[in-house]
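All remarks here apply to the structure that follows.
Number of protein chains: 2
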Amino acid sequence: MKPSYLRISEQLDQYIKDGIFKKGEKLPSEIEMASNFGVSRETFRSAVKVLEREGKLFVKHGAGTFVVNPLPNIENNIETLQSITDMIQSAGLKEGEKRESISLEPCNQEWADKLCLSEGTPVIVNKRTRMAEDVPVVVSINIIPEQFVGEEFIQQEELGSLFQYFEEQRGIYISRTDVELNVPLHTDRNCQKLLVYPETTVLMLKQLHYDILNEPLMYSMDYFRTDVFTFTMRRARG
Amino acid sequence: MKPSYLRISEQLDQYIKDGIFKKGEKLPSEIEMASNFGVSRETFRSAVKVLEREGKLFVKHGAGTFVVNPLPNIENNIETLQSITDMIQSAGLKEGEKRESISLEPCNQEWADKLCLSEGTPVIVNKRTRMAEDVPVVVSINIIPEQFVGEEFIQQEELGSLFQYFEEQRGIYISRTDVELNVPLHTDRNCQKLLVYPETTVLMLKQLHYDILNEPLMYSMDYFRTDVFTFTMRRARG
DNA sequence: CAGTGGTCTAGACCACCGC
DNA sequence: CGGTGGTCTAGACCACTGC
């Protein structure tokens, strides 16, 4: 049984979609609406908060609650964390991979900082080319502290989603990622594999993945072909 | 007078920073904590929700509320919308601008789609080079429907922040922006002005700005030097 | 099963807006 | 000033977790 406030927020959303509540219009007061829905005012307010967070209602203290113009859904919202495997598959493409190399290397200053290790600590460096319909679309380099992976990690030829690997094989859930957007030079070695067309450009994400307790787990550098992937997001004023 | 739930969330945050509540530790139950703080359970829960949203606490139904590893603050979080003027100034640099061109042009398919106009409707196209310490760091192109700006817009040589212009001169508050990340080819004309060093690369944001009621107001294409600006963000699992 | 967080209520008072 | 949303309470019952 879904809680009331969710049912009400969905119904309000539908009313907006159906034009029963029109853009710019002020909703009746919370007390009145709560009474209409047969719930307490706090419960109705919870429903409003859901839609306010989604940018569908605008609440102004002392003035009222207003319907705003519905925004389009954003596809490929980069703010929602998903694995590269999911990104390729949700575009309806056949996902594949080729391991370029895997090695145990002393970590450099940058990796050490991010992963909270001391410089020089051995880490696993896993480099793969990810394919969509047998064409290379992503080059990804993962840096992982030794203790987080097992023997099978090094031996397996095809790893697939590391998110899935960590969850199913190691019981670790990746919940959050800090990202730095980068644009590599087109002379960057890791770009070369992706520059199959002269008009192709590449976006690189440096990503630090955390588990549920915000422990840094893996650092990645992922090179994406921008002619294959579209990255969008929504910004809001502080 | 700050509301209790905010005071409590700040105090909890401080306790975490001070190590009084340690990473991974389970907090006492909500009833107990609420009683400790001398507030009702709902009020204490509001405080917890603030920190949960900030990724500082992890709440698990039926199990408890846990302190997680504090994450570093993210600088230059791209998710927080700010004007280019602000971005330059908050880096402690002297901001300047040079208008390259301003014209009234029939809008193309892409602009028309975004701004909800018909193709061919005249729009103002404003192209500027933005400077930091007298060096070009951003090229920005703004596409604005005629009715949103006044005569002074076209005549003024230095516009400064358009966010500020809209707010102060036109009473319009830009509250939200949809962004598409792009990497232009280094042969792109708008890049050329920015490629002062051979290792410089450029990130381009196509941005559709909305007012408080989510009405599309302005479409922009902003070219940023990645050696000057760092863009970071935080992603979370759906 | 006991203990935890999730939802919900009816009512109260406060802070803010616009007339 | 009246009407709106913002906060807060004390208590109730439900849903989930882990032993």
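Chains as they are written, first to last, in this note's numbering: chain A, -4 to 233; chain B, -4 to 233.
Think of the CB as a built atom: it goes at the ideal place given N, C-alpha and C, for glycine as much as any other residue.
- Note on the region 179 to 206 of chain B: whole beta strand (DSSP E) runs with a minimum of 3 residues are 197 to 206, in chain order.
- Bounds of any beta strand (DSSP E) do not take in VAL144/B, whose DSSP letter is neither H nor E.
- With respect to chain A, the C-beta atom of ALA231/B has a partner C-beta closer than 8 angstroms.
- With its beta carbon less than 8 angstroms from one in chain A, ASN177/B belongs to the interface.
- Rounded to the nearest whole angstrom, the C-alpha separation of MET126/B and GLY145/B is 25 angstroms.
- With the rule of 3 Cβ pairs closer than 8 angstroms, the region 208 to 228 of chain B counts as touching the region 181 to 196 of chain B.
- Proximity of chain A to GLY50/B at the Cβ level (cut-off 8 angstroms) is accounted for by ARG171 and ASN209, in chain order.
- For GLU20/A, there is no enclosing alpha helix (DSSP H), since its DSSP letter is neither H nor E.
- The Cβ atoms of MET28/A and PHE39/A lie closer than 8 angstroms to each other.
- For ILE119/A, the uninterrupted beta strand (DSSP E) run begins and ends at 117 to 127, by DSSP.
- For SER96/A, the uninterrupted beta strand (DSSP E) run begins and ends at 90 to 101, by DSSP.
- It is roughly 12 angstroms from the alpha-carbon of ILE138/A to the alpha-carbon of ARG123/A.
- Within chain B, THR227, MET228, ARG229 and ARG230 have C-beta atoms less than 8 angstroms from the C-beta of VAL174/A, given in sequence order.
- When secondary structure is reduced to three states using DSSP, VAL45/B falls in the helix class.
- Taking a cut-off of 8 angstroms on C-beta distances, the region 107 to 117 of chain A does not touch the region 70 to 87 of chain A, as fewer than three cross pairs fall below it.
- Sorting GLY14/B, THR225/B, PRO23/B and VAL43/B by C-alpha distance to the C-alpha of ARG2/B places VAL43/B at the top.
- For ILE167/A, the nearest beta carbon of chain B is not closer than 8 angstroms to its own beta carbon.
- Assigned with DSSP and collapsed to three states, PHE224/A falls in coil, not helix or strand.
- For GLY19/B, at least one C-beta of chain A is nearer than 8 angstroms to its own C-beta.
- Identification of chain A residues near LEU198/B by a Cβ-Cβ cut-off of 9 angstroms yields LEU176, ASN177, VAL178 and LEU198, ordered along the chain.
- Separation of LEU154/B and GLU90/B (C-alpha to C-alpha, rounded to the nearest whole angstrom) is 12 angstroms.
- Residues of the region 72 to 94 of chain B with a C-beta atom less than 8 angstroms from some C-beta of chain A are ILE73, GLU74, THR75, LEU76 and GLN77, listed in chain order.
- Here LEU157/B carries a helix assignment [DSSP, helix/strand/coil].
- GLN202/A sits buried, since 16 or more C-beta atoms from the chains shown fall within 10 Å of its C-beta.
- Taking a Cβ-Cβ threshold of 7 angstroms, none of the residues of chain A is close to PHE16/B; the smallest such distance is about 13 angstroms.
- The alpha-carbon of GLU162/A is positioned some 44 angstroms away from that of LEU212/B.
- Of the candidates ARG165/B, ALA86/B and ASN177/B, ASN177/B places its Cα closest to the Cα of MET199/A.
- Where GLU175/A is concerned, the enclosing beta strand (DSSP E) starts and stops at 169 to 177.
- The beta carbons of VAL34/B and SER(-1)/B sit about 5 angstroms from each other, so the pair counts as a contact at 8 angstroms.
- Looking only at GLU25/B, ASP183/B, VAL130/B and PRO101/B, the smallest Cα-Cα distance to HIS56/B is reached by GLU25/B.
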